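So the protein sequences, as listed, match chains A and B.
Numbered per this note's numbering, the first sequence spans residues 52 to 300.
Numbered per this note's numbering, the second sequence spans residues 52 to 300.
Backbone N, C-alpha and C define an ideal beta-carbon position, used for all residues, glycine too.
These figures come from a predicted structure and were not determined experimentally.
Number of protein chains: 2
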Amino acid sequence: MPQAVLLDISGVLYQDALPLPGSVAAVEALQSKGHPLRLVTNTSRLTAVEIHRQLTGMGYAITPEQIYSAPKAMRSYVQAQGLRPYWLIHRNLQEEFADLLEQAEPNAVVLGDAEERFDYAHLERAFHLLLAGAPLLAMGDNRYFHSRGALRLDAGPFVRALEYAAGVQALILGKPSKEFFAGALEELGVAASDALMIGDDVESDVFGAQQAGLLGCLVQTGKYRSGDEGKAPGALLAKDLAEAVQRFC
Amino acid sequence: MPQAVLLDISGVLYQDALPLPGSVAAVEALQSKGHPLRLVTNTSRLTAVEIHRQLTGMGYAITPEQIYSAPKAMRSYVQAQGLRPYWLIHRNLQEEFADLLEQAEPNAVVLGDAEERFDYAHLERAFHLLLAGAPLLAMGDNRYFHSRGALRLDAGPFVRALEYAAGVQALILGKPSKEFFAGALEELGVAASDALMIGDDVESDVFGAQQAGLLGCLVQTGKYRSGDEGKAPGALLAKDLAEAVQRFC
């Protein structure tokens, strides 16, 4: 039995804005068993407050503190390192980072899923800062995501563009980076080897968690595709979150 | 003695809009010796007509037909393959591709140095076409270029972004691709082994040419940096175009 549980959100708790069958009850069961819990996500289009509002709207009984998002991990890192970033992030996050946005002389570049702010002028500004030695930080390097039936470009392609242009490598502060899983576990005060990560993305959620020392569990909902389990040897497998919680928690 | 000569333009013929010392006379010498000649460039911000206008303005006695540019290579390829591309190119090239621009159902994506047209909406449109199976074609994959004292993002970073997003590999129809050098030599009717490529970019011009079967010559002007010759073993080396022509042509 794990001492703490990390859950991916999209494709595990809900799909197309509707909770997946049995998932609300499964989270309730985890909470009532007293498992320290974090919902972990790379989403950088929404604030934690908005994610919380959406999940409670679907019936999930969670607190805002139980959401550990890539933007939250980025804030901790930036403040711990005393960085003054140039922020290339979504307008929805402006409020969350309001106290850190204005930097007279940026010495870092932070990328989220900036959507239409990924344009030539903003990318060139970031490129010049990278050439001057600023580190490149990103909230995930996902290729794309599903939204209302369409695939949308995520931050990953723009991370690759800037890495190639400036000849640098980004530090990713989202799944599947070890730093990200470690940050979530630090909040819970639990060692990686005592924690279970449940997700539908075999690479980012499951294999990433295994690489960070956690136990991984792949659920066959969301973006799961038949055969994915082969990419994370040793991972647990469950049909959905309800079964995963029932069998492994 | 080579039967044909290919010359890079920027950094070999001119720098900062001024002809390099001895280069005008060197091109004159090549022409008077009767060497079949092509000026080869990945520039996709300018039409061949405009490049010709600039070079003749600097005193170069060349014809428009002697310029072999990545856009020209792209046009040949697109027409030979009967493709209907979605064009993500610079506004300066709109005129050059006017007869091919409007495509009702694009079945290919063509990238040049599109400058401010590299925005989220255009890239996402290209991404969706790639997911539907359209091939990705690019006029070079250069990281950046110098312009009026500043470094500007070239097409390469956006090629990488789309390759990563869609999980595809681009066909590059500019230096250093074999197809590009072969296209220039085909116009001249000369075999690769009988041709000499002179350039200042050790990777794109010189090593690329060597890989395509040409003899390569690196000149120590333009973007040349001390030690570059180590990256193209077997290449000829000259201080500038004047010396290269005098010694090797």
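- B/A293: member of the alpha helix (DSSP H) spanning 292–299, first to last residue.
- Shortest Cα-Cα distance from B/G184 to any of B/P227, B/Y137, B/E238 involves B/Y137.
- At a cut-off of 3 residues, the continuous stretches assigned as beta strand (DSSP E) that sit fully inside the region 130–190 of chain A are 136–139, 159–162, 187–189.
- Distances from the CA of B/M248 to each of B/F231, B/C268, B/E238, B/A263 were compared; the closest alpha carbon is that of B/C268.
- About 4 Å separates the CB atoms of B/R211 and A/Y215; that is less than 8 Å, so the two are in contact.
- Per DSSP, reduced to three states, the secondary structure at A/H197 is strand.
- Contact with chain B is found for A/E214, since one of that chain's Cβ atoms lies less than 9 Å from the residue's Cβ.
- By the C-beta criterion, the region 74–84 of chain B is judged not to be in contact with the region 292–300 of chain A, since fewer than 3 inter-stretch pairs fall below 8 Å.
- With a threshold of 9 Å between beta carbons, A/L202 makes contact with chain B.
- If you check the CB distance, A/L152 and A/F178 do not come in under 9 Å.
- Residue state for A/P70 is assigned as strand, using DSSP reduced to three classes.
- Along the region 112–133 of chain B, there is no position whose C-beta sits under 8 Å from a C-beta of chain A.
- The region 194–208 of chain B makes no contact with the region 191–208 of chain A, as fewer than three CB pairs between them are under 8 Å.
- In this structure, DSSP gives B/I249 an extended state, which the three-state scheme calls strand.
- At least one beta carbon of chain A lies nearer than 9 Å to the beta carbon of B/L174.
- Taking a cut-off of 8 Å for Cβ pairs, the region 61–68 of chain A and the region 269–284 of chain A touch, as three or more such pairs fall below it.
- The beta-carbon separation of A/L288 and A/E280, rounded to 5 Å, stays under the 8 Å limit for a contact.
- Within 8 Å of the CB of A/E167, the CB atoms of chain B belong to D170, Y171, A172, in sequence order along the chain.
- Against chain A, the beta carbon of B/R194 has neighbours under 7 Å at Y215, A216, listed in chain order.
- Interface with chain A (9 Å Cβ-Cβ cutoff): B/L182 is included.
- With its beta carbon less than 9 Å from one in chain A, B/P208 belongs to the interface.
- Rounded to the nearest whole angstrom, the CA to CA distance from B/G133 to B/Q154 is 12 Å.
- Along the region 195–232 of chain B, the alpha helix (DSSP H) occurs as fully enclosed runs of 4 or more residues at 207–217, listed in sequence order.
- Look at B/R126 here: in three-state DSSP terms it is helix.
- With a beta-carbon spacing of about 7 Å, B/T98 and B/N143 fall inside the 8 Å limit used to define contacts.
- For the region 255–282 of chain A, no residue has a beta-carbon sitting nearer than 7 Å to a beta-carbon of chain B.
- Neighbours of B/R211 in chain A, taken as residues at a C-beta separation under 9 Å, are given in chain order as P208, R211, A212, E214, Y215, A216.
- In the three-state reduction of the DSSP assignment, A/L265 falls in the coil class.
- At a cut-off of 9 Å between beta-carbon atoms, B/F178 makes contact with chain A.
- Annotation: the continuous alpha helix (DSSP H) that includes A/L106 extends over 99–108.
- With a threshold of 16 other beta carbon atoms within 10 Å, B/K123 meets it and is buried.
- Separation of A/P208 and B/E237 (C-alpha to C-alpha, rounded to the nearest whole angstrom) is 36 Å.
- In this chain, the beta strand (DSSP E) harbouring B/I118 covers 118–120.
- For B/V253 against B/K282, the beta-carbon gap comes to about 5 Å, under 8 Å, which counts as contact.
- Judged by DSSP in its simplified three-state form, B/S61 adopts strand.
- The residue among B/D256, B/K84, B/A286 with its C-alpha nearest the C-alpha of B/L58 is B/D256.
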